[in-house]
Amino acid sequence: MSGIDIHGLEFEYGGQSTFRLQIRELRLEPGECVAIVGPSGSGKSTLLNLVAGTLLPAVGDIRVGDIRVNALGETERRRYRVGQVGQVFQAFELLEYLTVKENVLLPRYIDPSTPLDADARQRASELLASVGLAGKESRRPSRLSHGERQRVAVCRALLNRPSLLLADEPTGNLDQDNKQNVVKLLIEQARAHASTLLMVTHDRSLLDSFERIVDFNDLAWDKA
24 MSGIDIHGLE
34 FEYGGQSTFR
44 LQIRELRLEP
54 GECVAIVGPS
64 GSGKSTLLNL
74 VAGTLLPAVG
84 DIRVGDIRVN
94 ALGETERRRY
104 RVGQVGQVFQ
114 AFELLEYLTV
124 KENVLLPRYI
134 DPSTPLDADA
144 RQRASELLAS
154 VGLAGKESRR
164 PSRLSHGERQ
174 RVAVCRALLN
184 RPSLLLADEP
194 TGNLDQDNKQ
204 NVVKLLIEQA
214 RAHASTLLMV
224 THDRSLLDSF
234 ERIVDFNDLA
244 WDKA
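Numbering (our numbering), first residue to last: 24 to 247.
Spelled out as structure tokens, the structure:
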């Protein structure tokens, strides 16, 4: 398990619409399940991309366990994302030309440093079975319900046993029952696989299951 430590972070998007984000401090304990809430456009998704190493801050430190993410080179950040981070997106981002199982195995297809071997295939099958999708491994995503597709996305995020699970508005396209089911699934799987969970949401009806809720307005300051 890995916690998150962020100190003195500053980040800006350039271009015509300038966005500036500053965060004094944020800490997640290893294995903690935390929800971040706040208004749309405030920078919550940007924060997840910074923690994932997809974006780099201009100033400050982002540490995940013993890894100083912002000090890694491009190749190292890619390895960090594959080996340490599982990401779940609002739009699922499943590939329709791949089967359910192939979508779960996608991290192994895209990173040549990780083997696509029998162990990986067995883990994909076990993950799918654990979320009630046994027997649907060969289907295409288009043949699944919204809830089932979201479960495939969660399995994909967990394939490489990540120490950190990042979820960006993962319930935005779902009805209320499926929203609650996805949050329950994320928390159950994070605990079962010893992952730290950080989920961004604007839906306060989903927060009862989390150990801690962080209001983004209490983290972000001096945005322009």
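The C-beta atom is built at its ideal place from N, Cα and C for all residues, glycine as well.
- C-alpha of ASP134 to C-alpha of ARG47: approximately 34 Å in a straight line.
- Pairing LEU117 with PRO164 gives a Cβ-Cβ distance under 7 Å.
- Pairing ALA81 with SER161, the inter-Cα distance amounts to about 44 Å.
- Classified as exposed, GLY37 has fewer than 16 neighbouring CB atoms from the shown chains inside 10 Å of its CB.
- In this structure, DSSP gives PHE233 a state outside helix and strand, which the three-state scheme calls coil.
- Three or more Cβ pairs closer than 8 Å define a contact, and the stretch 83-102 falls short of that threshold against the stretch 170-183.
- The residue from ALA114, LEU70, GLY76 with its alpha-carbon nearest to that of VAL108 is GLY76.
- PRO130 is classed as buried because its beta carbon has at least 16 other beta carbons within 10 Å across all chains shown.
- Sequence-distant partners of GLU35 (beyond 5 residues in either direction) whose C-beta falls short of 7 Å from its own C-beta, in its chain, are THR41, PHE42, ARG43, ALA81.
- In the three-state DSSP reduction, VAL175 falls in the helix class (H, G or I).
- Pairing GLY31 with GLY88 gives a Cβ-Cβ distance that is not under 7 Å.
- In terms of Cβ geometry, VAL111 and LYS159 do not form a close pair [threshold 7 Å].
- The three-state reading of DSSP puts VAL154 in coil, since its state is none of H, G, I, E or B.
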